[in-house]
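Working notes, beginning with the structure itself.
Residue numbers (our numbering): 27 to 151.
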């Protein structure tokens with residue numbers, strides 16, 4: 027399920043990073059939402075990261091869904107869950123924001139299989 031409702035402002039794939047101006051893989055999609063918009067878990071799983079990311083994501087959550095599948099939620103203004111917590115599909119896990127390397131409020135949503143980024147559009151319904 028979609029973690030938030032809004033337009034895709036930047037798709038998965040190679041792009042010029044708007045903050046660093048480096049041509050690099052955008053390892054997820056950006057969903058345009060206002061600061062404070064509820065972010066939901068895309069699927070049931072266990073929270074394995076909940077906190078600040080020095081790599082540019084700002085406040086970030088990563089959920090392990092089993093089967094080597096994980097989802098990532100970045101640039102959050104608030105985090106409602108803790109590491110080790112089990113979450114259900116659709117459960118509110120955070121509020122969107124613009125923390126980290128961000129040009130404005132949005133949700134960066136990523137999907138990884140075996141730790142490798144894949145296009146989230148293949149998993150959203």
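Backbone N, C-alpha and C define an ideal beta-carbon position, used for all residues, glycine too. Nothing here was measured: the structure is a model prediction, and the numbers come from that model.
Cβ-Cβ distance between residue 102 and residue 130 below 7 Å: no
Which listed residue (81, 49 and 54) has its alpha carbon closest to that of residue 41: 49
Selected residue, minimal CA-CA separation from residue 55, among 77, 47, 93 and 29: 29
Chain-order list of residues whose beta-carbon lies under 8 Å from that of residue 72 (same chain, five-residue window excluded): 89, 90, 110, 111, 112 and 113
Do residue 65 and residue 32 have their beta-carbon atoms positioned less than 7 Å apart in this structure? no
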